[in-house]
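Counting from 16, one number per residue, gives the positions in the sequence shown under the working numbering.
Here's the structure, in structure tokens; my notes come after.
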Amino acid sequence: RLLLVLHVVWLLAMLRSIIRKASGALWNGQVMVDVCIVPMVNGVSVRKEVTEVERLLRQREAEGKLVCRLHGFGTNVAGHWDDVMGAIKDVHVLLHDRMGVLRITSSMRLGTRID
16 RLLLVLHVVW LLAMLRSIIR KASGALWNGQ VMVDVCIVPM VNGVSVRKEV TEVERLLRQR
76 EAEGKLVCRL HGFGTNVAGH WDDVMGAIKD VHVLLHDRMG VLRITSSMRL GTRID
């Protein structure tokens with residue numbers, strides 16, 4: 016009986032794989048990330064830091080690598096996984112190395128789709 020159950024589970028997995036391949040629904044690497052990056056600086060204002068981060072993201076957008084939309088609680092960044100994650104990394108490098116920010120707290124929600 017256990018062998019029959021295992022066989023049925025295997026057949027279902029194979030069927031799902033065949034259907035997905037037949038429909039052409041493979042992930043193309045696109046991702047949308049809702050990211051909130053908070054530089055922990057002395058004082059209340061983070062205006063300079065936000066301006067430089069936005070400049071970096073707009074540069075990537077002008078290069079055709081990303082689509083960015085700032086909103087009240089962060090930024091939506093869409094594009095290929097490697098470009099999006101690379102841009103988020105570059106934001107951290109910019110804030111730490113060029114602007115001297117000692118600590119950064121970031122949160123991300125991300126989504127992918129194949130439909």
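Note that CB positions come from ideal geometry on N, CA and C, so glycine has one too.
Going by beta carbons, alanine 102 and arginine 75 fall inside the 7 Å limit.
Within the same chain, and ignoring the five residues on either side of glutamate 64 in sequence, the residues whose Cβ sits closer than 8 Å to its Cβ are Pro54, Val56, Leu110, Met114 and Val116. Per DSSP, leucine 71 is one residue of the alpha helix (DSSP H) stretching across 62-77. With 16 or more neighbouring CB atoms inside 10 Å of its own CB, aspartate 98 falls in the buried class.
The C-beta separation of tryptophan 42 from threonine 120 comes to about 29 Å, leaving the pair out of contact by the 8 Å criterion.
Judged by DSSP in its simplified three-state form, leucine 85 adopts strand.
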